[in-house]
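These protein sequence lines are chains A and B, in that order.
First residue of the first sequence: 2, per our numbering; consecutive thereafter.
First residue of the second sequence: 12, per our numbering; consecutive thereafter.
Glycine residues also receive a C-beta, built at the ideal position from the N, C-alpha and C atoms.
This structure is a prediction, so every number in the text was calculated from the model and none was measured.
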Amino acid sequence: MQRVRAMEQGKRSGWAHFWLGVPVLAFLAMVDGAGVLRFGRARLGPDLVLVAVILWAFLGDAAAGAIWGFLGGLMLDTMSAAPFATHTVAMVAVGATLGAARLSLYADDQAWALVATVVSAAGYYALVIGLLLLQSWPVSLGASLRALVLPSVAIDAVTALILLPVFRLMQRRLFAGPVAVT
Amino acid sequence: MRRREWLPLGLLVLAVLLLFSNRLEHRFSPREWLSRLSAAGQAASTTLLHNLGNAGVFFQNLDRLREENRLLKSKVDDLTVQVATLQEVARENELLRAEMGFASSHSVYGLRGADVTSKVVGSEPGSLIRALVIDSGRDAGLLPDMPVVTGRGLVGRVIEVNPTSAKVMLINDPRSSVAALVQRSRAAGLVKGQVDGSIIMDEIGRDEDVQVGDIVLTSGLGEVFPKGIVIGQVSEVLRNDTAMYQRAVINPSANLDSLEVVLIMTNPRGDAAGAGNGAR
Chain A
2 MQRVRAMEQG KRSGWAHFWL GVPVLAFLAM VDGAGVLRFG RARLGPDLVL VAVILWAFLG
62 DAAAGAIWGF LGGLMLDTMS AAPFATHTVA MVAVGATLGA ARLSLYADDQ AWALVATVVS
122 AAGYYALVIG LLLLQSWPVS LGASLRALVL PSVAIDAVTA LILLPVFRLM QRRLFAGPVA
182 VT
Chain B
12 MRRREWLPLG LLVLAVLLLF SNRLEHRFSP REWLSRLSAA GQAASTTLLH NLGNAGVFFQ
72 NLDRLREENR LLKSKVDDLT VQVATLQEVA RENELLRAEM GFASSHSVYG LRGADVTSKV
132 VGSEPGSLIR ALVIDSGRDA GLLPDMPVVT GRGLVGRVIE VNPTSAKVML INDPRSSVAA
192 LVQRSRAAGL VKGQVDGSII MDEIGRDEDV QVGDIVLTSG LGEVFPKGIV IGQVSEVLRN
252 DTAMYQRAVI NPSANLDSLE VVLIMTNPRG DAAGAGNGAR
């Protein structure tokens, strides 16, 4: 009951998510694009924008996840050499699906956050690779999975655990409860 | 159904429509509009983040830097004499080049029209694709497929041009393929980027002579890269008795992980028609 009341208090319009998402995701996209957190020959590192979208969808609902997915994807697409909107489509799909699962009830449970991140990040990579293949980009599935996708998902999972308290605090301070969009 | 329940579906449809906008490149290009907005911010943030990183390294290594500073000061004295000598040589060289009508701004690539110098302002935000964002674009005369180099060797080629920025596909991107030859034995092959960021020279005839340490150059076959640009050095030769071809792992001569400034060859064939492409 208390949880439901908090949810009611926490309702905000989609614009609140939009205006919060613009600076947060722009900052993370700039860090992603500067390449300062990518190491080694394969340039592996945390996908900060993806992790932010996943966490916001995990703490919120489908609309919150979709709005952040759209913003984050658009920012990555501006910097990326991939066909435009590839990241946007994948992030909206992942954000909306994860948000629709209504896992915000488990916002305090790190294990759920970890599972949500691993599944969502893997889904995101599957969608991006699928979209690239559909647009005739040569992607070696087996090699990409071994050398890039699995390590990236693992790094993203660790990053999500580190960032989860920050996003939970942000969500509780600004939305006074599990995130919901009216 | 309330508005918020339609929102995810609406955004997904909008994203898919944007994906299809790639097919209408010349009539409607949202990426070009957004790149105008983001290019300046990306350049500023990349500089800031790199400077912050450098500041951290500075404080960590203060003692080592003091010692290094002392050594460098003594080196400066030695080098001052050498510089004076080399300035004389450079002056003489300049005169000779002018006499011979050489384009002299870049000693190695000047003849091939490497006349646009660009700062690297960003990199691909992910690991599936290996690309860079540079701060020159259509306004500086850049066009898709122009070769990109540094003083040390080949970097890649321009794949997307916006008014004030461009994207460069690196030679270690899995889509990259460059016709190449081994300098010593003239063995030909294709230098291809790999998923893990390494570079392999593939399709070298099984009887060709390739050894560790050999220098690999562009062969000039194909339309994009002119002949003779250094790609790298062979670090391993992969032979298989049953295969028709042998392969070689290449260590790129340009440091693809930490590029700051690159040169774009606006007239790689050195022809008069292409010379007008370079605007600065």
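So that I know if they touch, is there some Cβ in chain A lying closer than 8 Å to that of residue i?
i	result
A265 (chain B)	no
Q71 (chain B)	no
I170 (chain B)	yes
T57 (chain B)	yes
P158 (chain B)	no
G216 (chain B)	no
L97 (chain B)	no
G148 (chain B)	no
G67 (chain B)	no
A177 (chain B)	no
R15 (chain B)	yes
What's the call for residue i, buried or exposed, on a 16-neighbour Cβ count within 10 Å?
i	result
F40 (chain A)	exposed
Q71 (chain B)	exposed
S116 (chain B)	Note that S116 (chain B) scores a pLDDT of 47, beneath 50, so its modelled location is shaky; the value from the coordinates is reported in the next line. Answer is exposed; the Cβ neighbour count stays below 16.
G66 (chain A)	buried
N183 (chain B)	buried
T229 (chain B)	buried
G64 (chain B)	exposed
L90 (chain B)	exposed
P139 (chain A)	exposed
S269 (chain B)	exposed
K178 (chain B)	buried
M276 (chain B)	buried
A114 (chain A)	buried
Closest Cβ-Cβ distance between residue i and chain B: below 8 Å?
i	result
L175 (chain A)	no
S153 (chain A)	yes
I68 (chain A)	yes
A64 (chain A)	yes
T89 (chain A)	yes
F71 (chain A)	yes
W138 (chain A)	yes
L165 (chain A)	no
Where residue i and residue j are concerned, what is the direct C-alpha to C-alpha distance, given to the nearest angstrom?
i	j	result
N251 (chain B)	L146 (chain A)	25 Å
G204 (chain B)	W69 (chain A)	33 Å
A117 (chain A)	D157 (chain A)	11 Å
A27 (chain A)	M76 (chain A)	7 Å
S56 (chain B)	A35 (chain A)	7 Å
A101 (chain B)	K84 (chain B)	24 Å
V150 (chain A)	A123 (chain A)	7 Å
Y274 (chain B)	G239 (chain B)	In the sequence as displayed, the identity of residue 274 (chain B) is Leu instead of Tyr. Each residue's Cα considered, the two are about 16 Å apart.
R42 (chain B)	L76 (chain B)	44 Å
D207 (chain B)	E135 (chain B)	15 Å
V169 (chain B)	G74 (chain A)	23 Å
V119 (chain A)	A82 (chain A)	25 Å
N16 (chain B)	S121 (chain A)	Checking the sequence shown, residue 16 (chain B) turns out to be Glu, not Asn. Going by the C-alpha atoms only, they are around 21 Å apart.
L60 (chain A)	Q172 (chain A)	8 Å
V154 (chain A)	R195 (chain B)	43 Å
L170 (chain A)	A108 (chain A)	11 Å
Name the DSSP bridge partner or partners of residue i?
i	result
V221 (chain B)	Beta-bridge pairing links V221 (chain B) to no other residue.
F168 (chain A)	Paired residue(s): none; F168 (chain A) is not in a bridge.
E171 (chain B)	B:K178
A190 (chain B)	B:L201
I226 (chain B)	B:Q244
R134 (chain B)	In the sequence on display, residue 134 (chain B) carries Ser and not Arg. Note: S134 (chain B) sits in a beta bridge opposite B:L143.
T161 (chain B)	B:G164
L274 (chain B)	B:T128, B:V160
L45 (chain A)	A:F40
Residues of chain D with CB closer than 8 Å to the CB of residue i, please, in chain order.
i	result
R42 (chain B)	Absence of chain D from the displayed structure is noted, the protein chains being A and B.
Are the stretch 82 to 95 of chain A and the stretch 17 to 34 of chain B touching, with three or more C-beta to C-beta distances below 8 Å?
yes
Taking one C-beta from the stretch 160 to 167 of chain B and one from the stretch 91 to 106 of chain A each time, how about it: are there three or more such pairs within less than 8 Å?
no
Three or more C-beta pairs under 8 Å: does that hold for the stretch 187 to 206 of chain B against the stretch 216 to 235 of chain B?
yes
How about the stretch 128 to 137 of chain B and the stretch 211 to 218 of chain B: do they share at least three Cβ pairs that are nearer than 8 Å?
no
Three or more C-beta pairs closer than 8 Å, one from the stretch 252 to 265 of chain B and one from the stretch 216 to 232 of chain B: is that the case here?
yes
Just checking, does the stretch 151 to 170 of chain A make contact with the stretch 129 to 139 of chain A on the three C-beta pairs under 8 Å criterion?
no
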